[in-house]
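One structure is given here, and the rest of the page talks about it.
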Amino acid sequence: EVGGWTWDDWLEAAKKLTKDENGDGKIDVYGGANLSVEGAVWAAGGDFIDYKTGTITIDTPEFASAMQWVADLRLKHNVAPSPEDEKAMNAYSRFVAGKVGMFPMGPWDQPAFWDLPFEWDVAAWPVHPETGKAGTWLGSMGYAVSSKTKHAQEAFNLAAYLALDKEGQKQNYELGQAVPNLIDMAKGEFASYDKAPANRKVFLDIIEDYGHPTIEFGSKDTKWIDTMWQEAGKVYDGKMTAADWAKEMQPKLQELYDKGNK
2 EVGGWTWDDW LEAAKKLTKD ENGDGKIDVY GGANLSVEGA VWAAGGDFID
52 YKTGTITIDT PEFASAMQWV ADLRLKHNVA PSPEDEKAMN AYSRFVAGKV
102 GMFPMGPWDQ PAFWDLPFEW DVAAWPVHPE TGKAGTWLGS MGYAVSSKTK
152 HAQEAFNLAA YLALDKEGQK QNYELGQAVP NLIDMAKGEF ASYDKAPANR
202 KVFLDIIEDY GHPTIEFGSK DTKWIDTMWQ EAGKVYDGKM TAADWAKEMQ
252 PKLQELYDKG NK
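If you're matching positions, the sequence shown starts at 2 in this note's numbering and goes up one per residue.
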């Protein structure tokens with residue numbers, strides 16, 4: 002249930018899960034990895050952009066505090082892999098190998114996780130200790146039919162089957178691909194499906210409650226986003242505070258956004 006734990010609770014759990022298994026002074030199992038800075042920012046009450054005005058909004062206390070909290074999971078608390086560690090083994094591979102305790106997954110990860118040699122489940126994203134809100138990005142997909150196709154009806158029939166047909170939706174979730182589009186099915190047989198995760202209602206809560214469209218949604222040109230992530234390493238490496246970085250980057254990202262989208 003969302004609201005059942007906070008960022009502070011998550012951090013305490015991560016500390017308990019972080020282990021040096023062989024006593025060589027190096028961490029072998031991290032408590033968490035790949036925590037979403039997007040979700041942290043939204044939970045804190047900040048955002049990356051106001052699409053109504055086309056304004057980059059990273060230079061706020063809410064944004065800076067959230068980004069710094071995510072960075073400090075490694076810099077201050079050492080419960081998450083460093084960027085260098087991630088290059089050697091990414092968060093997904095670490096979780097599959099039992100080398101990280103908590104990892105953000107989507108429904109599409111289920112088929113691979115069903116074969117793991119250990120038990121696992123999903124939990125709601127932790128809420129910000131002050132706002133009481135959780136946040137994460139919400140991934141979805143749509144089926145399109147080309148206007149130039151020579152088989153318009155057949156293509157439409159396939160898209161409709163994949164998106165709306167009851168049997169098609171059932172096959173989709175049984176293969177571990179996605180949450181059904183059909184609401185009754187999602188809240189019924191999908192929610193009670195006898196394969197892991199047991200707490201699959203978390204997926205429905207994200208869709209209905211606190212999931213956000215990805216920040217790319219609304220940008221024709223995403224160079225400003227690419228640049229932002231490329232430069233964010235300065236914060237995660239501890240070379241700049243999130244507040245100083247955001248203050249420096251806001252006008253640069255604003256210029257890139259304006260050039261590509263206005």
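Quick reminder that beta carbons are idealized off the backbone N, C-alpha and C, glycines included.
| Check | Outcome |
| --- | --- |
| Runs of beta strand (DSSP E) lying entirely within the segment 119-154, each at least 3 residues, in chain order | none |
| Other residues of its chain near Lys-20: CB distance less than 8 Å, five sequence neighbours each side excluded | Ile-28, Asp-29 and Val-30 |
| Given Pro-203 as reference, the closest of Lys-196, Ala-192 and His-213 once Cα atoms are compared | In the sequence as presented, Pro is not what sits at residue 203; that position holds Val. Checked all of Lys-196, Ala-192 and His-213; the closest Cα to Val-203 is Ala-192. |
| Opening and closing residue of the alpha helix (DSSP H) in which Gly-46 lies | Counting along the chain, Gly-46 falls outside any alpha helix (DSSP H), and DSSP gives it neither H nor E. |
| Residues that His-213 bridges to, as DSSP identifies them | Trp-138 |
| Distance between Gln-251 and Arg-95 (C-alpha atoms, nearest Å) | 33 Å |
| Residue interval of the alpha helix (DSSP H) (run including Tyr-31) | Note, Tyr-31: premise wrong, no alpha helix (DSSP H); beta strand (DSSP E) at 31-33. |
| Beta-carbon proximity check, Thr-137 vs Ser-37, cutoff 8 Å | yes |
| Extent of the continuous beta strand (DSSP E) run through Gly-102 | 101-103 |
| The segment 159-170 / the segment 38-47 touching (three or more Cβ pairs under 8 Å) | no |
| Thr-228 (DSSP reduced to helix, strand or coil) | helix |
| Inter-residue CB distance, Phe-64 and Ala-247 (contact presumed, cutoff 8 Å) | 6 Å |
| Under the three-state DSSP convention, the category Ile-28 falls into | coil |
| 7 Å Cβ shell around Ile-208 - same chain, five flanking residues per side excluded | Leu-139 and Val-180 |
| Burial state of Pro-118, where buried means 16 or more other Cβ atoms lie within 10 Å | exposed |
| Contact between the segment 216-227 and the segment 150-165 (3+ Cβ pairs under 8 Å) | no |
| Nonlocal neighbours in the same chain, by C-beta distance under 6 Å from Ala-244, ignoring five residues either side | Ala-65 |
| Outcome for Leu-176 when other beta-carbon atoms lying within 10 angstroms are tallied against a minimum of 16 | exposed |
| DSSP-derived helix/strand/coil call for Lys-20 | strand |
| Spatial distance of Ala-264 from His-152 (CA atoms) | Absent from the model: residue 264. The displayed extent of the chain is 2 to 263, so no value can be given. |
| Cβ neighbour criterion (16 or more within 10 Å) applied to Gly-102 | buried |
| Closest Cα partner of Thr-242 within the set Gln-172, Ser-147 and Asp-73 | Asp-73 |
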